[in-house]
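One structure below.
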Amino acid sequence: MMINYLRLYLILETKMLKCPLEEFIPAVVKGGVTCIQLRNKGCSSWEVFYIGQKVMKLLEGTDVLFVVNDRADIAITLGGKAVHLGAKDVPLAESKRLFPDLIYGYSCNNIEDISTADIGDYIGVGPAFPTDTKAYLRGLIGPSGIAELVAKTDKPAVAIGGITKDNISQLCGIGLAGVAVSSAICASDDPYKAAKELRELAEKL
714 MMINYLRLYL
724 ILETKMLKCP
734 LEEFIPAVVK
744 GGVTCIQLRN
754 KGCSSWEVFY
764 IGQKVMKLLE
774 GTDVLFVVND
784 RADIAITLGG
794 KAVHLGAKDV
804 PLAESKRLFP
814 DLIYGYSCNN
824 IEDISTADIG
834 DYIGVGPAFP
844 TDTKAYLRGL
854 IGPSGIAELV
864 AKTDKPAVAI
874 GGITKDNISQ
884 LCGIGLAGVA
894 VSSAICASDD
904 PYKAAKELRE
914 LAEKL
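Mapping of the sequence shown onto my numbering: residues 714 to 918, in sequence order.
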């Protein structure tokens, strides 16, 4: 089920890592990450493809879903299963027409986004809290705004934006399938511990 992949959704920015990718990926998988999205904004298509190959190799034999941000074509070329799109990317309907076999996630910030996401498989909703790692600036909607949007869709939803072990409790009880984090794990000195703590807290959503 899609929901099983969403409990602890890691948005991977390799520039933040404090250890080699070959150490980081096994550590966060052991810690409880259920999905890894390769974002790496600012990288060339070749770089995203190359890093994607490495990540997929490291995820072999696990149940972790690998997602490519923005680029359905790269996801297909890698032999991947999923892509995540947003309002400023290739239109969801067009991408799904061209690559119908992929799992589609869609970033939602308002009710119009929710309507667009109806043909996707899951949604990312936020920002929940202030963040420096958001791919583009959209209005902060907070936990209450997330709750309102989640209530208007039957798609499984993950909250995104500035989520840490110190504020994740504010997202409990609003119908989320999970949380998406980036710097809370990627920039950690101990990614295994960071992932483990967040997974334990995410189980209380």
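Even glycine gets a Cβ: it sits at the ideal position worked out from N, Cα and C. Keep in mind the model is a prediction, meaning the values are calculated, not measured.
Extent of the continuous alpha helix (DSSP H) to which residue 899 belongs | Taking the sequence shown and counting its residues from 1, one reaches residue 899 at position 186. Looking at the DSSP string, the run of the alpha helix (DSSP H) that includes residue 899 is 896-899.
For residue 818, which of 886, 861, 883 and 781 has the nearest alpha-carbon?
-> Position 105 of the sequence shown, counted from the start, is the residue given in the question as residue 818. Among 886, 861, 883 and 781, the Cα nearest to that of residue 818 is on 781.
Compare the C-alpha of residue 853 against each of 822, 861 and 860 and name the closest.
-> On the sequence shown, position 140 is the one that residue 853 refers to. It is 822 whose Cα lies nearest to the Cα of residue 853.
For the stretch 860-907, which segments carrying the beta strand (DSSP E) assignment without a break, of at least 3 residues, lie completely within its bounds, in sequence order?
-> 870-873 and 891-894
Could you spell out the range, first to last residue, of the alpha helix (DSSP H) harbouring residue 764?
-> Walking along the sequence shown from the start, residue 764 turns up at place 51. First-last of the alpha helix (DSSP H) with residue 764: 758-771.
Going along the chain, which residues of its own chain have a beta-carbon closer than 6 Å to the beta-carbon of residue 808, five neighbours each way excluded?
-> Indexing the sequence shown from 1 puts residue 808 at position 95. Hits under 6 Å: 785.
For residue 886, which of 871, 894, 715 and 897 has the nearest alpha-carbon?
-> As a working note, residue 886 is residue 173 in the sequence shown. Ranking 871, 894, 715 and 897 by Cα distance to residue 886 puts 871 first.
Which residues bound the alpha helix (DSSP H) around residue 788?
-> The count along the sequence shown starts at 1 and reaches residue 788 at position 75. Its alpha helix (DSSP H) spans residues 785-791.
Where does residue 795 fall in DSSP's three states?
-> Here residue 795 refers to the residue found at position 82 of the sequence shown. Residue state, collapsed to three classes: strand.
Beta-carbon separation of residue 787 and residue 838 under 9 Å?
-> What you label residue 787 is simply residue 74 of the sequence shown in a count that begins at 1. What you label residue 838 is simply residue 125 of the sequence shown in a count that begins at 1. No, these two residues do not count as a Cβ contact at 9 Å.
What three-state label does DSSP hand residue 971 in the structure shown?
-> No answer is possible for residue 971: it lies beyond the span of the chain, which begins at 714 and ends at 918.
Just curious, the alpha helix (DSSP H) that residue 734 is in, first and last residue?
-> Reading the sequence shown from its first residue, position 21 is the one you call residue 734. Here the alpha helix (DSSP H) through residue 734 covers 734-744.
Exposed or buried, which one is residue 763 when buried takes at least 16 other CB atoms within 10 Å?
-> Within the sequence shown, numbered from 1, the residue matching residue 763 stands at position 50. Flag for residue 763 reads exposed.
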